[in-house]
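Here the structure comes first, spelled out in structure tokens, and everything after it is commentary.
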Amino acid sequence: MKKFNIRKVLDGLTAVSSSSSSAQPGNRENDLIQETLQSEHFQLCKTVRHGFPYQPSSMAFDPVQKILAIGTQNGALRLFGRPGVECYCQHDSGAAVIQLQFLINEGALVSALADDSIHLWNLRQKRPAILHSLKFNRERITFCHLPFQSKWLYVGTERGNIHIVNVECFTLSGYVIMWNKAIELSSKSHPGPVVHISDNPMDEGKLIIGFESGTVVLWDLKSKKADYRYTYDEAIHSVDWHHEGKQFLCSHSDGTLTIWNVKSPAKPAQIITPHGKQPKDGKKPEPCKPILKVEYKTTRAGDPFMILSGGLSYDTVGRRPCLTVMHGKSTAVLEMDYPIVDFLTLCETPYPNDFQEPYAVVVLLEKDLVVIDLAQNGYPIFENPYPLSIHESPVTCCEYFADCPVDLIPALYSAGSRQKRQGYSKKEWPISGGNWGLGTQSYPEIIITGHADGSIKFWDASAITLQVLYKLKTAKVFEKARNKDDKPNTDIVDEDPFAIQILSWCPESRILCVAGVSAHVIIYRFSKQEVTTEVLQLLEVRLQYELNDMESPDGDQTPATPTPGASSNSQPSAPQSHPSTSSSSSDGIRDNVPCLKVRSTPLKQSAGYQVELVIQLVWVSGEPPQQITSLGVNSSYGLVVFGNSNGLAIVDYIQKTVLLNLGTIELYGSNDPYQRQPRSPRKTRQPSGAGLCDINEGSTTSEDRCKSPTADIRDNSFSRSRSSSVTSIDKESREAITCFYFCETYTRKTDSSTAPSLWVGTSLGTVLVIVLNLPPAGEQRLLQPVIVSPSGTLIRLKGAILRMAFLDSTGAILPPAYEAWREPNAPDDKDEKDKLRKRRPVSVSPSSSQEISENQYAVICSEKQAKVIALPSQNCIYKHNITETSFVLRADVVQMSNGICLACFCANGHIMTLSLPSLRPLLDVNYLPLTDMRIARTFCFTNNGQALYLVSPTEIQRITYSQDTCENLQEMLGELFTPVETPEAPNRGFFKGLFGGGAQSLDREELFGESVAGKASRSLAQHIPGPGGIEGMKGAASGVVGELARARIALDERGQKLGELEERTAAMMASADSFSKHAHDMMLKCKDKKWYQF
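For the sequence shown, the working numbering begins at 4 and goes up steadily by one.
Here it is, written out as structure tokens:
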């Protein structure tokens, strides 16, 4: 259903009245391009949340619908059905979910929260919503129990009382079980909170109540008194029934299990200490850790299962958390990677009074979900099909690509399928409820996550699902420390020296480039064949910040030579980048040493991503290399470029040489607009130099810089210690490289044709252009040098440059040139190789024989503003000040289905889109304030109106800003509830029917209904009706738009009510039909029966 949006009405006004967005007058370029995107094409909404529920606290399973629900400590609810069917909801209060209970096969769920509220969720709609809530005022909720096929929910409290709630209308019954009535009258102490409630499987009229202190009471609901009381001197953690209702099992705080016969309350029938050492002299075994939960499940054919968590002996220090499965005489102890939050045994029947036939155990851990197959020897685990391993190592960066080449996902999947572990259960995943949505969006989407341990994961994110495709471990390139003392002391960071900081990926050529936290860059090529690399190609680069001796651009170039690789030289040799200097000079100052040691032994590389070249920045005169702040790669040119707060380096990864190694200041040459005085507390940065675009806007004051952490936003977030000796004053005067863009465009005002170039953005708002002179493709590209030279072109904006892009004369996006992927480990046949080599790179840039009238447009976005510059004239034709008080964290030029736009995410939480090239505001939503650095580090936009960020350390939140996707979302979402017949109740058999002894039913309505039990005290709890009827509908703003929105909502509600009425009528007719059929069947069945058979 469409959300009404005030912005769409006011769109035209914003563009006209906003002083911050302006077209520069007198430019004929302004009116040439017809823009297609309007504000009605944009709407912001959350789509799906992937990953492991962060800080889980409770779990429930519907055995008929086969749906799993997990609640978290911040009030989130995640529901899982078959792989690909999952759903996220949130309780508004944000209180921890302490317990969940399904209304089995009803499409509803009850949640109990730590703020003493209970809620009823409707799961029969694609986005579940709360139908009713009940908030307890005077008592704290500790335990809830909802019997199968009952509408009366038992709620136990901290005071030891039990209240009863009608889940249909969420009203309290007047029937209350008070703690002082339940326990012995002679008992002087309070029994503690209620820790367990359940009804006898064979007699619904008998309720077992477990109090924390160790007292258990069997309560008769009809006579309103206790039948039996069972006392044990250890605190109780959980209770479970044997399905015949004659025995129950308790778990205790001293690591014991007690089995009680219902009619023998004097002492337990059996006491078991599963992990206790049995002393020989017949004394009690020594106490163990508490058994936090136990489940007692019976099988027709064999021994019952007792499954428990905790209970290990105290001398198992350092032992991992365990789940114990006791079956007959065997006891299996299953070690877990993380502490156990909860577990559930999955059984064949939903009826508590039948043989349970357990087949699996779902174990919810603090950071994982494990399902154990009970039917197979050795209890193997099921392979988990959900994308729950995002946080296997903490995510440090993230990139999102929509509309990728179609052959990419199959290629990555094929490489990843060889990495699968063995030894999983052979059975189907048991959580299999729900149905998939009808995905209308068919374009391929890929998410890449970089992690703290140096691993990179590729995920298939097409059609709002997520599935891991392939994992790459970059740490394999480096030597491993053999022991803890052997850690290299050249680290810039205390821990995670391999953490991924920036990813640059070319989907068409499959070239991947990564920058790590230890100032290293690795270039990978994709191959379908396994290779063994004898010697890894290595380049060492010395990027230093020199102000005193200003030299010509070429003067500072490093004589960096590559390590001879296996391809060019058979004998391996050490890196020879700096033959003249040793690793540390005579006075012990570390110099020319990289932070990590590249491995010297051969590296076996399986199919997938294989190392092409490793580049490392080295220490300079006792100062560690600065972390890399920007990275770019171009497969058509064969170049990779990276920069930091010292300068930038361009590397030819085909010839394995450094082409340019310049300090930022040297890039300017004589055009430097700043007067730089390093290592001085006073800095004056007065712009100087004529003919520069908007020079005055670029003069940034120190206060301004403090407000906007630019290049450092990316590295401070996870560089915990910087052992750099650079003072903060000096760092302040440094200008970091923040952004790169390779493009075939006009590099100078006088150009009549386009040429390959590299555009460089800095943290002080400058854009500089470097011209690239490339040799012809084929053999000459391998032999002749690439010549790079600064062009002198300079463009200025306010704030650090974040993103650049180029448009052609029609306003369509000009992507960088790329080379189509081909197998790098090609066959040895010489003719084949020559053919491959001579293939021209696919350049999607315009041909160089363009007419001068063919304009291009450069789109440049900084932290504060966006500009569109006409090329080759370099006139600024449009300018928009995005934010005055905040700063932009992420900006991307994205392709929508019917045009292109600039999407921005600000630190104040606003998400905006601007039209191109005119920079008209199309969308501005205050979405979410920047609460932590994780969001800043991982937020990214991509094509077709998609975006994502890491909402918690374990979860990715995907959002859309496209109206189309918002409208189609309902269809794309999976359905949790599917109509399923409830299994038949167990047969009572002839003799049980004749002599009693089968399950006793109870008319709870008669006991708990208002007519008998009366009304509950009003002050005890208040009822809050939920918004559950209409999905996600919120009233719009006041004024005309609000009225319209309200009218629409009213119409929708009316339509929905009419629809519901129609459905109810149909359901009643069907029900009447079914009743008459059953009555007829019953009549036929009973016609010939004798009296004793009834």
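Glycine residues also receive a C-beta, built at the ideal position from the N, C-alpha and C atoms.
| Item | Value |
| --- | --- |
| For Glu431, the three-state DSSP class (helix, strand or coil) | coil |
| Three-state class that DSSP yields for Met329 in the structure shown | strand |
| Of the listed residues Asp406, Met309, Phe501 and Gly314, nearest to Cys400 (C-alpha basis) | Phe501 |
| From Ile107, Cys325, Leu441 and Ser417, residue whose alpha carbon lies closest to that of Gly87 | Leu441 |
| Chain-order list of residues whose beta-carbon lies under 8 Å from that of Val265 (same chain, five-residue window excluded) | Asn203, Leu221, Tyr231, Gly248, Lys249, Gln250 and Phe251 |
| Touch test, the region 793 to 801 against the region 809 to 827, Cβ-Cβ under 8 Å, three pairs minimum | no |
| DSSP state of Cys969 mapped onto helix, strand, coil | helix |
| Stretch pair the region 400 to 417 + the region 359 to 374: three plus CB contacts closer than 8 Å | no |
| Residue burial classification, Ala378 (beta-carbon count within 10 angstroms, cutoff 16) | exposed |
| Alpha-carbon to alpha-carbon, Leu933 and Ala910 | 6 Å |
| Cβ pair count under 8 Å reaching 3, the region 411 to 427 against the region 71 to 81 | no |
| Residues sharing a beta bridge with Gly650, DSSP | Gly666 |
| Selected residue, minimal CA-CA separation from Ser316, among Arg424, Gly331, Val336 and Gly912 | Val336 |
| Separation of Thr985 from Ser333, as counted between CA atoms | 34 Å |
| Proximity to Pro920 [Cα-Cα], best of Ile863, Ser189, Leu951 and Glu958 | Ile863 |
| From Glu615, Ile959, Ala418 and Tyr656, residue whose alpha carbon lies closest to that of Val51 | Ile959 |
| Bounding residues of the alpha helix (DSSP H) (the contiguous stretch that carries Gly419) | Leu411 to Ser420 |
| Cα-Cα separation, Glu498 to Ala455 | 9 Å |
| The region 454 to 472 / the region 429 to 437 touching (three or more Cβ pairs under 8 Å) | no |
| First and last residue of the uninterrupted beta strand (DSSP E) at Leu874 | Gln868 to Leu874 |
| Inside the region 207 to 290 only - beta strand (DSSP E) runs reaching at least 3 residues | 218 to 223, 228 to 234, 239 to 244, 250 to 255, 260 to 264 and 273 to 275 |
| Candidates Arg303, Tyr446, Gly426 and Asn828: closest to Gln608 by CA position | Asn828 |
| Residue environment, Cys350, which counts as buried when at least 16 other CB atoms sit within 10 Å | buried |
| Continuous alpha helix (DSSP H) stretch holding Trp182: start and end | Trp182 to Ala185 |
| Exposed unless 16 or more other CB atoms sit within 10 angstroms - verdict on Leu786 | exposed |
| Start-to-end residues for the alpha helix (DSSP H) that takes in Ile631 | Here Ile631 belongs to no alpha helix (DSSP H), and DSSP marks it neither H nor E. |
| Cβ contact (3+ pairs, closer than 8 Å) linking the region 952 to 972 and the region 95 to 114 | no |
| 8 Å Cβ cutoff met for Ile343 and Pro361 | no |
| Three-state secondary structure assigned by DSSP to Lys49 | strand |
| DSSP-derived helix/strand/coil call for Gln658 | coil |
| For Arg81, the first and last residue of its enclosing beta strand (DSSP E) | Ala79 to Phe83 |
| Distance, Ser241 Cα to His1026 Cα | 30 Å |
| Continuous alpha helix (DSSP H) stretch holding Gln949: start and end | That residue, Gln949, is in no alpha helix (DSSP H); its beta strand (DSSP E) goes Gln949 to Ser955. |
| Other residues of its chain near Tyr612: CB distance less than 7 Å, five sequence neighbours each side excluded | Leu475, Leu515, Tyr527 and Phe529 |
| CB of Gly964 within 8 Å of CB of Ile914, strictly | Strictly speaking, residue 964 in this sequence is Tyr, with Gly absent from that position. Yes, Cβ-Cβ distance for Tyr964 and Ile914 is below 8 Å. |
| Sequence ranges, alpha helix (DSSP H) only - wholly within the region 738 to 788, length at least 4 | 782 to 786 |
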